[in-house]
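Protein chains in written order, with my numbering: chain A, 302 to 452; chain B, 302 to 452.
Backbone N, C-alpha and C define an ideal beta-carbon position, used for all residues, glycine too.
Structure first, then comments.
Number of protein chains: 2
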Amino acid sequence: MKDTGHPHGAAAELRSAGLRVTAARLAILDAVRAGDHLDVDAVTSQVRERLGHVSFQAVYEALHAFTATGLVRRIEPAGSPTRFECRVGDNHHHLVCRQCGRVTDVDCTAGEAPCLEPADDAGFLVDEADVTFWGFCPDCRRDSEEGSTHD
Amino acid sequence: MKDTGHPHGAAAELRSAGLRVTAARLAILDAVRAGDHLDVDAVTSQVRERLGHVSFQAVYEALHAFTATGLVRRIEPAGSPTRFECRVGDNHHHLVCRQCGRVTDVDCTAGEAPCLEPADDAGFLVDEADVTFWGFCPDCRRDSEEGSTHD
DNA sequence: GCGCTAAACCTGAATCATTCAAGACAATGA
DNA sequence: TCATTGTCTTGAATGATTCAGGTTTAGCGC
Chain A
302 MKDTGHPHGA AAELRSAGLR VTAARLAILD AVRAGDHLDV DAVTSQVRER LGHVSFQAVY
362 EALHAFTATG LVRRIEPAGS PTRFECRVGD NHHHLVCRQC GRVTDVDCTA GEAPCLEPAD
422 DAGFLVDEAD VTFWGFCPDC RRDSEEGSTH D
Chain B
302 MKDTGHPHGA AAELRSAGLR VTAARLAILD AVRAGDHLDV DAVTSQVRER LGHVSFQAVY
362 EALHAFTATG LVRRIEPAGS PTRFECRVGD NHHHLVCRQC GRVTDVDCTA GEAPCLEPAD
422 DAGFLVDEAD VTFWGFCPDC RRDSEEGSTH D
């Protein structure tokens with residue numbers, strides 16, 4: 302029930318971020334918001350379904366601009382291409398499936414960055430604690446149980 | 302005072318990991334242990350200084366084998382190439398400098414994986430919590446202070 | 001020591017995600 | 001309407017990593 306809401310909502314957001322409103326960028330922003338931690342490839346596919354051809358570079362540039370202005374957040378789990386999500390401003394973390402790469406949000410128990418503090422900061426000025434929980438998602442757990450010795 | 306110790310220590314480690322002992326692999330293991338979170342390129346340079354030519358592929362394969370057998374640990378901070386470290390078995394975390402990419406170990410306050418638990422595991426079977434603290438290392442802090450308005 | 005076998009190594013090419021370059025196009029504001 | 005400059009295009013380049021295939025060599029039994 303959390304829609305992009307009032308007419309021109311996304312357009313207004315782009316504008317107030319200092320960006321121009323184009324069909325491509327509206328579709329890109331929408332794809333990230335409708336999708337679940339999509340990578341550039343997936344965003345591009347979504348956008349092309351809606352608009353026909355849009356170049357990869359346009360998508361890369363737009364996502365870069367969106368990230369810079371805080372419209373989307375970029376995450377880079379080890380071993381998979383960069384993904385983008387729409388939840389910004391909070392300091393949530395991620396569950397990543399070792400098998401299929403699926404990413405799921407987890408709320409941060411602390412709430413604001415950095416939600417954790419290092420035992421020893423070694424002189425670093427720390428502004429963010431990035432937490433990734435690795436494991437197996439429900440689907441992959443089921444698959445591996447079916448495939449293996451069933452008791 | 303924790304040296305590789307008794308003669309043939311590294312060789313014995315390779316052997317008991319089921320790997321063959323070669324000059325290249327001894328040098329690679331040593332480079333990782335002497336270095337500070339080196340990437341493949343840096344490891345290769347170190348090894349070449351000692352042995353003359355060694356191919357990148359040999360280094361990649363060796364590091365992969367070392368990682369698989371638990372002799373070294375691989376870390377992949379977002380935005381920089383894969384790095385390798387010798388601290389294995391504990392569950393420590395990392396401080397990464399946003400400016401220069403430098404990586405520093407931080408002890409884990411909990412001690413064993415997963416040291417944290419997600420607020421909601423969403424059905425995932427979680428086995429590891431990977432924590433990266435982002436910030437600015439002492440050197441880069443100093444540089445930026447010098448460069449900016451000095452009050 | 002000799003020879004076998006699989007591991008380790010080599011050269012060279014391929015792949016993937018991402019970025020650079022330079023020109024064409026088009027959204028905004030005067 | 002026009003100019004500005006942000007956006008989009010095609011095409012090529014980069015960097016890290018992996019694949020492929022053939023050669024060498026460590027480890028092991030004879």
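Within the stretch 420-449 of chain B, contact with chain A at the beta-carbon level (separation under 8 angstroms) is assigned to Ala420, Asp421, Asp422, Ala423, Gly424, Phe425, Leu426, Val427, Asp428, Glu429, Ala430, Asp431, Val432, Thr433, Phe434, Trp435, Gly436, Phe437, Cys438, Pro439, Arg442.
The DSSP-derived three-state label of A:Val355 is coil. Interface with chain A (8 angstroms Cβ-Cβ cutoff): B:Leu396 is included.
Counting along the chain, A:Val404 sits inside the beta strand (DSSP E) bounded by residues 404-407. Rounded to whole angstroms, the Cβ separation of A:Cys409 and A:Cys438 is 20 angstroms, and the two are not in contact under 8 angstroms.
Against chain B, the CB of A:Gly336 has no partner CB under 8 angstroms away; the residue lies outside that interface. Contact annotation, A:Ala430 with B:Val355: C-beta distance approximately 38 angstroms; criterion of less than 8 angstroms not satisfied.
Residues of the same chain with a CB within less than 8 angstroms of the CB of A:Glu418, apart from the 5 flanking positions on each side, are Val427, Ala430 in chain order. The beta-bridge partner set that DSSP reports for B:Ala430 consists of A:Phe434. Straight-line spacing of the CA atoms in A:Phe425 and B:Cys441 works out to 9 angstroms. Closer than 9 angstroms at the C-beta level to chain B, one finds these residues of the stretch 365-385 of chain A: Arg375, Ile376, Glu377, Pro378, Ala379, Gly380, Thr383. Counting only Cβ-Cβ distances below 7 angstroms, A:Leu417 has contacts in chain B at Val432, in chain order.
Interface annotation, A:Thr405: in contact with chain B, CB-CB separation under 8 angstroms. Nearest neighbour of B:Leu372 by Cα position, chosen from B:Ala343, B:Leu327, B:Asp342, turns out to be B:Leu327. By the criterion of a C-beta distance shorter than 6 angstroms, A:Thr405 is surrounded in its chain by Leu396, once the five residues flanking it on both sides are discounted.
Shown here for A:Arg334: same chain residues with a beta carbon closer than 6 angstroms to its own, the five before and five after excluded, namely Cys387 in chain order.
The closest CA to that of A:Asp340, considering only A:Gly390, A:Asp422, A:Pro378, A:Pro382, is found on A:Pro382.
When DSSP states are grouped into helix, strand and coil, A:Phe367 belongs to the helix group.
For B:Glu362, the secondary structure class from DSSP, reduced to helix, strand or coil, is helix.
In chain order, Ala325, Ala328, Ile329, Ala332, Val355, Val360 place their CB closer than 7 angstroms to the CB of A:Val348, counting only its own chain and leaving out the 5 sequence neighbours on each side. As computed with DSSP, B:Arg384 is found in a beta bridge with B:Asp340, B:Ile376. Per DSSP, the beta bridge partners of B:Cys398 are B:Gly436.
Taking 8 angstroms as the cut-off, the beta carbon of A:Thr370 is found closer than this to the beta carbon of A:Gly319. With fewer than 16 other CB atoms across the displayed protein chains lying within 10 angstroms of its CB, A:Ala313 is exposed.
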